[in-house]
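Enquirer:
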Amino acid sequence: MESIIFDLDGTLWDSRQTIAEAWTTAVQEQGYEERVFTKDDIGSIMGLQIPVIAERLFPMETLERRKEIMDACAREDQQMIREQGGVLFPKLEETLKELKKTHRLFIVSNCEDGYIEAFYAAHGLEAYFEDFENPGRTGLSKGENIQLIMERNSISSAIYVGDTQGDLDAARHAGIPFVFAAYGFGEPEAYDYKIEAFDQLLILT
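Numbering of the sequence shown is given in numbering that gives the first Met the number 0, commencing with residue 0 and proceeding in unit increments.
What follows is the structure, given as structure tokens:
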């Protein structure tokens, strides 16, 4: 295949602890003084779009109030991610360097606008990727954003690498093969290929 499109959380890195700390700070400042997020809490909602996360976490609030809270969480997590980053999966940069010699690389994630840029800023990996997209910027689903990336960059052949059912669904929507990152956070019901470690992409591709 010509191109590889990646999910971010659970595929390229683990930012759960940083986000847990950031969101705890943000929601406490928003009036939820006793609310504390753990790494596992964040892991359970990774891969979902922000409005869905907001509904799960704050079902009692209005849509306007949920947005206000999640915007505060986004501001805090992007600042903390830029400052302290997350945990890159083993051999990530070495593998990206090798993959870029023969493939075009992209990111499509279900995150807020600015999150992928924070990932780049924290770990200096922007040079490996040609383009990225997310629903925070487009308002589209992950599958639609994959299609958008492919259209915008004239991609004729690609795979999508991710770790959740939502990633599988997105790849199916876009009509491209799905590579299951089994070291991540989810358990999709099916996949076309499976990798147990990030550097196994070198063998697969």
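Positions of the beta carbon are idealized from the N, C-alpha and C atoms, including for glycine. These figures come from a predicted structure and were not determined experimentally.
Can you list, in chain order, the stretches of the alpha helix (DSSP H) that have 4 or more residues and sit fully within the region 62-136?
Expert: DSSP runs (the alpha helix (DSSP H)) wholly in the region 62-136: 62-83, 91-98 and 114-122.
Enquirer: So is Gln83 buried or exposed if we call it buried at 16+ other beta carbons inside 10 Å?
Expert: The residue in question, Gln83, is exposed, as its Cβ has fewer than 16 Cβ neighbours within 10 Å.
Enquirer: If we ignore side chains and look at the alpha-carbon of each, how far apart do Arg136 and Val35 end up?
Expert: Distance between the alpha carbons of Arg136 and Val35: 28 Å.
Enquirer: Just the C-alpha distance for Gln164 and Gln29, rounded to the nearest angstrom, thanks.
Expert: Taking the straight line joining both Cα atoms gives about 32 Å.
Enquirer: Can you say whether Tyr42 is buried or exposed, counting buried as having 16 or more other CB atoms within 10 angstroms of its CB?
Expert: Here residue 42 turns out to be Gly, not Tyr, going by the sequence shown. Gly42 comes out buried.
Enquirer: In angstroms with no decimal places, state the Cα-to-Cα distance between Tyr119 and Phe177.
Expert: When rounded, the distance between both Cα atoms is 24 Å.
Enquirer: Just curious, the beta strand (DSSP E) that Val178 is in, first and last residue?
Expert: Residues Phe177 to Ala180.
Enquirer: With three or more beta-carbon pairs closer than 8 Å as the criterion, would you say the region 1-15 touches the region 139-154?
Expert: Yes, the region 1-15 touches the region 139-154.
Enquirer: Going by DSSP, name the residue or residues bridged to Val160.
Expert: BP columns for Val160 point to Phe5 and Val178.
Enquirer: Please state whether the Cβ-Cβ distance between Met45 and Gly85 is less than 8 Å.
Expert: Not closer than 8 Å, so no.
Enquirer: Which residue or residues does DSSP assign as beta-bridge partners of Ile194?
Expert: Its beta-bridge partners are Ala180.
Enquirer: For Tyr190 and Phe184, I'd like the C-alpha separation in whole angstroms.
Expert: One C-alpha to the other measures close to 15 Å.
Enquirer: Between the C-alpha atoms of Ile158 and Tyr127, what's the straight-line distance to the nearest angstrom?
Expert: If you take the alpha carbons of Ile158 and Tyr127, they lie about 17 Å apart.
Enquirer: Let me know if Gly123 comes out buried or exposed under the rule of 16 or more other beta-carbons within 10 Å of its beta-carbon.
Expert: Under this definition Gly123 is an exposed residue.
Enquirer: Buried or exposed for Glu54, please, with buried defined as at least 16 other CB atoms from any protein chain shown within 10 angstroms of its CB.
Expert: Exposed, by the Cβ-count rule.
Enquirer: Are the beta-carbon atoms belonging to Ala173 and Ile154 less than 8 Å from one another?
Expert: Contact: no.
Enquirer: Please report the straight-line C-alpha distance between Glu97 and Asn133, rounded to a whole angstrom.
Expert: Answer to the nearest angstrom: the Cα atoms are 25 Å apart.
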